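*Asks:* One structure follows; several queries about it will come next.
Number of protein chains: 2
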Amino acid sequence: MADSNERYESMVRKLKEHGYKLTHQRLALARVLSVSEGHPDVETIFLRLQDSFPTMSLATVYRNVMLFKSFGEVLELGFPNGRNRFDGNKPFPHPHVICIRCQKIIDPDVGSLKDMTEEVADITGFVILTHRLDFFGICSDCMTEKV
Amino acid sequence: MADSNERYESMVRKLKEHGYKLTHQRLALARVLSVSEGHPDVETIFLRLQDSFPTMSLATVYRNVMLFKSFGEVLELGFPNGRNRFDGNKPFPHPHVICIRCQKIIDPDVGSLKDMTEEVADITGFVILTHRLDFFGICSDCMTEKV
DNA sequence: GTTTTAAATAATAATCATTCTCATTTACAT
DNA sequence: ATGTAAATGAGAATGATTATTATTTAAAAC
Ligand SMILES: [Mn+2]
Ligand SMILES: [Mn+2]
Ligand SMILES: [Zn+2]
Ligand SMILES: [Zn+2]
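Here the protein sequences line up with chains A and B, keeping their order. Under the numbering used here, the first sequence is numbered contiguously, ending at residue 323. Under the numbering used here, the second sequence is numbered contiguously, ending at residue 323.
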C-alpha cells in the first residue's frame with residue numbers, strides 16, 4: 177500500500193491549495209483515510225473518529241469524504257445495497273475483490289485494463305473517463321468457516 | 177442481441193420448472209424484459225406495462241424482476257445513486273459502457289475477462305463467482321450536443 | 001491578542017429507491 | 001365449480017445519503 181504519511185500530506189496539501197479550512201475534523205479524517213487499509217465505510221470511519229471527536233456528526237464525515245474525493249484523494253466504491261466503501265490509499269480506478277459473505281474488500285495485484293479501455297473507446301465511440309471492475313466471490317477465511 | 181422469443185420462452189419455462197404461477201403480470205413482464213434493449217430500470221418497465229395493466233403495482237415489478245433474476249434470466253446492474261438497471265437479453269456478467277450524461281448503457285463487443293478472473297482467483301485465494309465491469313464516459317451523442 | 005466574518009460543524013429533517021406488510025384477488029389443482 | 005396457497009395492489013417502512021439551519025470556528029484583518 178501507499179505510504180500513509182505521504183497520503184496524509186497530499187490530502188492536507190489539497191485542502192490548502194483549494195482554500196479550504198484546516199479543521200480538526202478534516203485533519204483527523206485525512207489521517208484515518210491515509211492509514212485505512214480495508215476500504216472502510218463512513219460508519220467505520222465515524223467510529224474511528226469518535227475517540228478524538230465524541231461530538232462529531234456523521235454528516236461531517238460524509239461531507240469531507242466527498243470533499244477529498246472531489247480532490248481525487250479518495251476512491252469511492254458505491255454499492256446499491258449496503259454502504260459505500262472508500263479507498264484512501266489508491267485513489268484511482270483499480271480492480272477489487274469482494275467477499276459476499278464477510279464484505280471484505282481487497283486490492284489484487286493484477287494487470288490494468290488499459291488495453292480493454294482503448295478497445296471499448298474505439299468500438300463504442302465513447303470518451304471513457306473511468307471504470308470499475310469488481311470480482312465477487314468468497315474469501316479463503318469464509319470458505320474454511322464451519323456452519 | 178439475443179432472439180427475444182427465445183428469451184421469452186426461456187423465462188416462462190423457468191417459471192413452470194420452479195412451480196411459480198403464470199400470472200398475466202409475470203408473462204407481460206417476461207415479454208418486456210425479453211424485448212428490452214436499453215437496460216431499462218423498474219420505472220421504465222412499470223410504465224411499459226401500464227398500457228396492459230393500469231392497476232399494476234410497482235412492488236409487483238420489483239418482486240418479479242428479482243424472481244427472474246433468481247432464475248438467472250435477467251442481469252441486474254445495481255447503482256448506488258439512481259435506479260438499478262436490468263438486462264434481459266444477456267443475463268450473464270458482461271462489460272457495460274455507461275454515459276454519465278444521458279445514462280445510456282450499452283453492451284460493447286469486447287473480449288471476456290476469463291483470464292483475469294483466473295489470475296485474481298490464483299492471487300487472492302478467493303473463489304470467484306461473478307464480476308462486474310463498467311466503463312464510464314460520454315457517448316458520441318452527448319459529445320456533439322450543444323450547450 | 002482581539003475582532004470580524006465567511007466557512008464549517010452538529011443536529012436533525014428530508015429524500016428516494018427499494019423492501020415489507022397485509023388485506024384482497026387469482027391461478028390452478030381437485 | 002370449489003378450495004387454497006400463492007400472488008397482487010396499496011401503501012407504510014427502511015436505510016443510506018443529502019439537505020437544512022442554527023451555532024461554532026478558522027483564519028484573515030486589525
Ligand atoms: Mn482499493
Ligand atoms: Mn448488458
Ligand atoms: Zn469472507
Ligand atoms: Zn450520452
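Here a beta-carbon is modelled for each residue, glycine too, at the ideal position from N, C-alpha and C. Only a predicted model underlies this, so the values are computations on that prediction, with no experimental measurement involved.
Considering only the alpha carbon of each residue, which of 244(B), 274(B), 201(B) lies closest to residue 193(B)?
*Replies:* For residue 193(B), the nearest C-alpha among the options comes from 244(B).
*Asks:* May I ask whether a heavy atom of ligand 3 can be found less than 6 Å away from the beta carbon of residue 280(A)?
*Replies:* yes
*Asks:* Quick one: list the residues of chain A neighbouring residue 255(B), beta-carbon separation under 8 Å, in chain order.
*Replies:* 254, 256
*Asks:* For ligand 5, is there any heavy atom lying closer than 6 Å to the beta carbon of residue 285(B)?
*Replies:* Among the ligands in the structure shown, ligand 5 does not appear; only ligand 1, ligand 2, ligand 3 and ligand 4 can be found there.
*Asks:* How would you write the range of the alpha helix (DSSP H) that residue 276(A) sits in, first residue to last?
*Replies:* Unbroken run through residue 276(A): none, as it is neither H nor E.
*Asks:* Could you have a look at residue 222(A) and say whether DSSP puts it in helix, strand or coil?
*Replies:* helix
*Asks:* Kindly list the residues whose CB is nearer than 7 Å to the CB of residue 177(B), restricted to its own chain and excluding five residues on each side of it in sequence; keep chain order.
*Replies:* 213, 265
*Asks:* Please identify the residue among 199(A), 318(A), 293(A) whose C-alpha is closest to the C-alpha of residue 307(A).
*Replies:* 293(A)
*Asks:* Do residue 224(A) and residue 250(A) have their CB atoms nearer than 7 Å?
*Replies:* no
*Asks:* Would you say residue 305(A) lies against chain B (beta-carbon separation less than 7 Å)?
*Replies:* yes
*Asks:* Identify every residue that forms a DSSP beta bridge with residue 308(A).
*Replies:* 310(B)
*Asks:* Given residue 201(B), which residues of its chain have a CB within under 8 Å of its CB, disregarding the five upstream and five downstream residues?
*Replies:* Non-local C-beta neighbours of residue 201(B) in its own chain, meaning closer than 8 Å and more than five positions away in sequence, comprise 225, 229, 232, 236, 240, ordered along the chain.
*Asks:* Looking at the C-beta of residue 221(B), does it have a partner C-beta in chain A at a distance below 7 Å?
*Replies:* no
*Asks:* Tell me whether the beta-carbon of residue 273(B) lies closer than 7 Å to the beta-carbon of residue 311(B).
*Replies:* yes
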